[in-house]
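Visitor: My structure is below; once you've seen it, I'll send some questions.
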Amino acid sequence: MERWLTDTPNSARFPYYTRANADEVGPDPFSVLGWSMVWMRGCNPGVAKGFVEFGVVDVSEYDLTPLQVFGNRGGYFYNPMSLSRLMGERMPGATAEAIDKAYFGDHPGVPPYEPHPGDVNEVQSAKLAETMGWVMSTPSYPRMHDASAMALRAVADRPDFSAMSNAELIDYARRMTAKVEEAWIPYTVVCLGASLGPGAVQAVCEAIGRSEDAVKVLSAVGNVESAEASFAMWDISRIVNASPSLTVAFDAGVDGLLGRLDRDDARNSEFFAAWDDLMRVHGHRAPNEWDCRPDSWTTRPEIALGMIDRLRGQSDDRSPHRAKAKAAVERERITADLMAAVASDAEASGTLAAGLFSASNWLQWREQGKYACIRLIHEVKLAMYELGRRMVAAGVIPDHHHIFNLLDEELDDFVVNPAKYSAVIAEREVGFQELHHLEPPYIVGNGRGDEPVHTWPRRNAVGGQVAKVGDVLQGGPGAPGVITGRARIVLDPMDAPDMDPTDVLVAPTTDPSWAPLFLSVGGVVVNVGAVGSHAAIVSRELGVPCAVSVIQATSRIPEGALITVDGSTGTVTIVG
3 MERWLTDTPN
13 SARFPYYTRA
23 NADEVGPDPF
33 SVLGWSMVWM
43 RGCNPGVAKG
53 FVEFGVVDVS
63 EYDLTPLQVF
73 GNRGGYFYNP
83 MSLSRLMGER
93 MPGATAEAID
103 KAYFGDHPGV
113 PPYEPHPGDV
123 NEVQSAKLAE
133 TMGWVMSTPS
143 YPRMHDASAM
153 ALRAVADRPD
163 FSAMSNAELI
173 DYARRMTAKV
183 EEAWIPYTVV
193 CLGASLGPGA
203 VQAVCEAIGR
213 SEDAVKVLSA
223 VGNVESAEAS
233 FAMWDISRIV
243 NASPSLTVAF
253 DAGVDGLLGR
263 LDRDDARNSE
273 FFAAWDDLMR
283 VHGHRAPNEW
293 DCRPDSWTTR
303 PEIALGMIDR
313 LRGQSDDRSP
323 HRAKAKAAVE
333 RERITADLMA
343 AVASDAEASG
353 TLAAGLFSAS
363 NWLQWREQGK
373 YACIRLIHEV
383 KLAMYELGRR
393 MVAAGVIPDH
403 HHIFNLLDEE
413 LDDFVVNPAK
423 YSAVIAEREV
433 GFQELHHLEP
443 PYIVGNGRGD
453 EPVHTWPRRN
463 AVGGQVAKVG
473 DVLQGGPGAP
483 GVITGRARIV
493 LDPMDAPDMD
503 PTDVLVAPTT
513 DPSWAPLFLS
523 VGGVVVNVGA
533 VGSHAAIVSR
543 ELGVPCAVSV
553 IQATSRIPEG
563 ALITVDGSTG
573 TVTIVG
């Protein structure tokens, strides 16, 4: 395989793309339809316009048509490295090197920043300065809140897909894609803005010699949508534990569980009320959820039920509500202490106060924006699942997921003459599955990453030297706290073994499908991520120590090794 059919061209103006942070958003390849429809027609133009709105670029500076910011290689999602560096160069007080440090840490092989004559732009720098002031002071962002409300309305107004024609299903999916673009514009703004508050807090803490406190004052801020599902699942697990009949039902296995439970039985009413609410608010959640192919909690409820099943084995003292309350008290204590420490310095005091205010708001809005976008992508998923199931019934494809091997521009012809595409879909399915076993290049552009796809190394075939007792692996702070426990290497949340409350989960990256596992362990370590990544945000809300961006942790840390994780410093020490 030389190239994959969704591979995108590199921008000549912004040539570098990276898997940094993208490997968290999209750990697996994106489907052909998911990329060609949702990402090329929704996400990419939306984020391009979001960069313009934030002040990073003028729309005339883009050189790809259609508007393309994110990249794709071998089905894998790539972030716009050069565009992020440009923001560093144009943002007052920042540099491209500072952006690199935030993205890559000490990751080897990062090409040096190469100045471009157009990078310096006083007009854009002035606009960025204005945006920065707004980010650090605004108490609300109505455009993001409106986009969230729009996505919720789309879910509430969902039509009966079984009553729609094939053409109507495609039209619905495309209309939802247009809404994805609409939501991605403010979501891009919050993604960019969410880094400013934590950055200001970190700078002040470092200046007064208390850098380890920076992550502590970002804990348990509340109203973080991506963490709320874990709290809801925990509450459902307590309902199950309190009911002998539900306990028996779960003991029999989660496959077909909902069908075995009688909704009319009063003993099950509390469970179903909580379950229905979970699906209404969080039913769009899924592994690799930014693609519209993977099953969600709605389409495969056993995913969520399995998480609840795992949580019901935890004792009540593992309650995330208790941990969050404790973390909130500690956050308030350290915040007051830090403010007292800088009280005599008006500039530092003002910066810290503004940073804390901004971080609390913008980290919440970032998760709100993510939910809005994924809710809309889920609507595309549901419509295409219906089309796929019809094609299975007609004998065109063997599995409804295979509908996602079509390009968006092929759909209209496909519904007229579906048999014409059967062989094409089957061939693409083989290629798509093979992509899952390959390790994409970390950085592409200017000749990097141009190797044929079939020459990429196999996943998990390349790893660092195995750490030995006494070694300290330096990552980044994710969530405060110190834990010593046995390392449990988990590459897929669906294949996670039973774990003790003192174990430490070591994972390549995490998305919401991992969150309930956090409640089963004493700490979390991930290969990639930053203070604003999913693993860090959710760990802080759940009160679990977390170290992020511990490079090659899953291959360097031996399974079962006794390790100490300090979530405030990002260190992982092999102690036995």
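Numbering (this note's numbering), first residue to last: 3 to 578.
Glycine included, each C-beta is placed from N, C-alpha and C at the ideal position.
Predicted model, so just to flag it, every value in this text is computed and none were measured.
Please state whether DSSP places Ala345 in a helix, a strand or coil.
Guide: Counting from 1 along the sequence shown, the entry for residue 345 is found at position 343. The answer is coil: DSSP assigns Ala345 none of H, G, I, E or B.
Visitor: At the level of alpha carbons, what is the spacing between Thr249 and Gly472?
Guide: Walking along the sequence shown from the start, residue 249 turns up at place 247. Walking along the sequence shown from the start, residue 472 turns up at place 470. Their backbone Cα atoms lie some 44 angstroms apart in a straight line.
Visitor: Taking Ser317 as the reference, which of Val523, Leu69, Pro303 has the closest Cα?
Guide: Position 315 of the sequence shown holds residue 317. With distances taken between Cα atoms, Ser317 lies closest to Val523.
Visitor: Considering Cα atoms alone, identify which of Ala537, Ile539, Lys470, Pro246 is closest to Ser557.
Guide: For this step, residue 557 is matched to residue 555 along the sequence shown. Among Ala537, Ile539, Lys470, Pro246, the Cα nearest to that of Ser557 belongs to Lys470.
Visitor: Round the Cβ separation of Gly478 and Gly572 to the nearest angstrom and send it over; I've been treating them as touching at under 8 angstroms.
Guide: As a first step, residue 478 is located in the sequence shown; it is residue number 476 there, counting from the start. As a first step, residue 572 is located in the sequence shown; it is residue number 570 there, counting from the start. Confirmed, Cβ separation roughly 4 angstroms.
Visitor: Going straight from the alpha carbon of Trp516 to that of Pro495, what length do you get?
Guide: Taking the first residue of the sequence shown as 1, we reach residue 516 at position 514. Taking the first residue of the sequence shown as 1, we reach residue 495 at position 493. If you take the alpha carbons of Trp516 and Pro495, they lie about 6 angstroms apart.
Visitor: Quick check on the DSSP output: the alpha helix (DSSP H) that includes Tyr78 runs from which residue to which?
Guide: By 1-based counting over the sequence shown, the position of residue 78 is 76. No alpha helix (DSSP H) holds Tyr78; the beta strand (DSSP E) holding it covers 78-80.
Visitor: Going by C-alpha to C-alpha distance, which of Ala338, Val217, Glu170, His118 sits closest to Ala14?
Guide: By 1-based counting over the sequence shown, the position of residue 14 is 12. It is His118.
Visitor: Exposed or buried, which one is Thr67 when buried takes at least 16 other CB atoms within 10 Å?
Guide: Here residue 67 is taken as the residue at index 65 of the sequence shown, counted from 1. So Thr67 counts as exposed.
Visitor: Going by DSSP in three states, Asp410 sits in which element: helix, strand or coil?
Guide: By 1-based counting over the sequence shown, the position of residue 410 is 408. In the three-state reduction of the DSSP assignment, Asp410 falls in the helix class.
Visitor: Which same chain residues end up closer than 8 angstroms to Ala421 when comparing Cβ atoms and leaving out the 5 residues on each side of it in sequence?
Guide: On the sequence shown, position 419 is the one that residue 421 refers to. Taken in chain order, the residues that qualify are Val398.
Visitor: What does the alpha-carbon distance come out to for the pair Val61 and Leu194?
Guide: Here the question's residue 61 lines up with position 59 in the sequence shown. Here the question's residue 194 lines up with position 192 in the sequence shown. For Val61 and Leu194, the distance between alpha carbons rounds to 17 angstroms.
Visitor: Enumerate, from N- to C-terminal direction, the unbroken alpha helix (DSSP H) stretches of 4 or more residues contained entirely within the segment 241-265.
Guide: 246-253, 259-262
Visitor: What are the boundary residues of the beta strand (DSSP E) that Thr486 is part of?
Guide: On the sequence shown, position 484 is the one that residue 486 refers to. Thr486 -> beta strand (DSSP E) spans 484-491.
Visitor: Would you say Asn529 and Thr504 are within 9 angstroms of each other, going by their C-beta atoms?
Guide: Residue mapping note: residue 529 aligns to position 527 of the sequence shown, counting from 1. Residue mapping note: residue 504 aligns to position 502 of the sequence shown, counting from 1. No, Cβ-Cβ distance for Asn529 and Thr504 is not below 9 angstroms.
Visitor: Compare the C-alpha of Gln126 against each of His286, Glu55, Ile379 and name the closest.
Guide: By 1-based counting over the sequence shown, the position of residue 126 is 124. Measuring from the Cα of Gln126, the nearest candidate turns out to be Glu55.
Visitor: Does the Cβ of Ser551 have 16 or more other Cβ atoms within 10 Å, making it buried, or fewer, making it exposed?
Guide: What you label residue 551 is simply residue 549 of the sequence shown in a count that begins at 1. Classification for Ser551: buried.
Visitor: From which residue to which residue does the beta strand (DSSP E) around Ile565 run?
Guide: Numbered from 1 along the sequence shown, position 563 holds the residue referred to as residue 565. It spans 564-568 - the beta strand (DSSP E) in which Ile565 sits, taken as one unbroken run.
Visitor: Please go through the segment 404-459 and give each complete alpha helix (DSSP H) segment of 4 or more residues, from N-terminal end onward.
Guide: Counting only unbroken stretches of 4 or more residues, the alpha helix (DSSP H) elements lying wholly within the segment 404-459 are 413-418, 424-437, in sequence order.
Visitor: Is the CB-CB distance between Phe252 and Asp311 below 9 angstroms?
Guide: Position 250 of the sequence shown, counting from 1, holds the residue named residue 252. Position 309 of the sequence shown, counting from 1, holds the residue named residue 311. One thing to note: Phe252 has its Cβ within 9 angstroms of the Cβ of Asp311.
Visitor: Can you find the residues in the same chain that come closer than 7 angstroms, C-beta to C-beta, to Asp257, ignoring five residues on each side of it along the sequence?
Guide: Residue mapping note: residue 257 aligns to position 255 of the sequence shown, counting from 1. For Asp257, where only same-chain residues beyond five positions count, the Cβ hits under 7 angstroms are Glu304.
Visitor: Between the segment 29-44 and the segment 534-545, do three or more beta carbon pairs fall short of 8 angstroms?
Guide: no
Visitor: Specify the secondary structure class of Tyr174 as computed by DSSP and reduced to three states.
Guide: Your numbering for residue 174 matches position 172 in the sequence shown. Correct three-state label for Tyr174: helix.
Visitor: Given that a residue counts as buried once 16 or more other Cβ atoms are within 10 Å of its Cβ, and exposed if not, what is Lys129?
Guide: Along the sequence shown, read from residue 1 onward, the residue named residue 129 stands at position 127. With 16 or more other Cβ atoms within 10 Å, it is buried.
Visitor: Is there contact between the segment 161-180 and the segment 377-385, where contact requires at least three CB pairs shorter than 8 angstroms?
Guide: yes
Visitor: By a C-beta neighbour count over all protein chains shown, 10 Å radius and 16 as the cutoff for buried, is Glu183 buried or exposed?
Guide: On the sequence shown, position 181 is the one that residue 183 refers to. Glu183 is buried by the Cβ-count criterion.
Visitor: When the Cα atoms are used, what is the spatial distance from Ile78 to Pro11?
Guide: For this step, residue 78 is matched to residue 76 along the sequence shown. For this step, residue 11 is matched to residue 9 along the sequence shown. In the sequence as displayed, the identity of residue 78 is Tyr instead of Ile. Those two C-alpha atoms are separated by around 13 angstroms.
Visitor: At which residues does the alpha helix (DSSP H) containing Pro94 begin and terminate?
Guide: Residue numbering aside, residue 94 sits at position 92 when the sequence shown is read from its first letter. Taken as a continuous stretch (DSSP letters only), Pro94 belongs to no alpha helix (DSSP H), as it is neither H nor E.
Visitor: Taking the beta strand (DSSP E) that Arg269 belongs to, which residues open and close that run?
Guide: Within the sequence shown, residue 269 is the residue found at index 267, counting from 1. Premise fails: Arg269 is in no beta strand (DSSP E) and is neither H nor E.
Visitor: On a CA-only basis, which of Phe53, Val58, Gly76 is nearest Met3? Give me that one, please.
Guide: Here residue 3 refers to the residue found at position 1 when the sequence shown is read from its first residue. Ranked by Cα distance from Met3, the first of Phe53, Val58, Gly76 is Gly76.
Visitor: Between which two residues does the beta strand (DSSP E) carrying Arg75 extend?
Guide: Working through the sequence shown from its first residue, we reach residue 75 at position 73. Where Arg75 is concerned, the enclosing beta strand (DSSP E) stretches over 73-75.
Visitor: Whole angstroms is fine: what's the gap from Asp121's alpha carbon to Lys326's?
Guide: Residue numbering aside, residue 121 sits at position 119 when the sequence shown is read from its first letter. Residue numbering aside, residue 326 sits at position 324 when the sequence shown is read from its first letter. Distance between the alpha carbons of Asp121 and Lys326: 44 angstroms.
Visitor: Mind checking who Tyr19 pairs with in its DSSP beta bridge?
Guide: The residue you call residue 19 lines up with position 17 of the sequence shown. According to DSSP, which records beta bridges pairwise, Tyr19 is partnered with Val446.
Visitor: Considering only residues of the same chain and omitting the five flanking positions on each side of Ala205, which have a CB-CB separation below 6 angstroms?
Guide: Numbered from its first residue, the sequence shown carries residue 205 at position 203. Cβ neighbours of Ala205 beyond the five flanking positions: none.
Visitor: With DSSP as the reference, label Gln316 as helix, strand or coil.
Guide: Sequence index remark: in the sequence shown, residue 316 carries index 314 (1-based). Of the three classes helix, strand and coil, the one that applies to Gln316 here is coil, per DSSP.
Visitor: With a threshold of 16 other CB atoms inside 10 Å of the CB of Asp513, please say whether the residue is buried or exposed.
Guide: Counting from one through the sequence shown, the residue named residue 513 turns up at place 511. Looking at its Cβ environment, which holds 16 or more other Cβ atoms inside 10 Å, Asp513 is buried.
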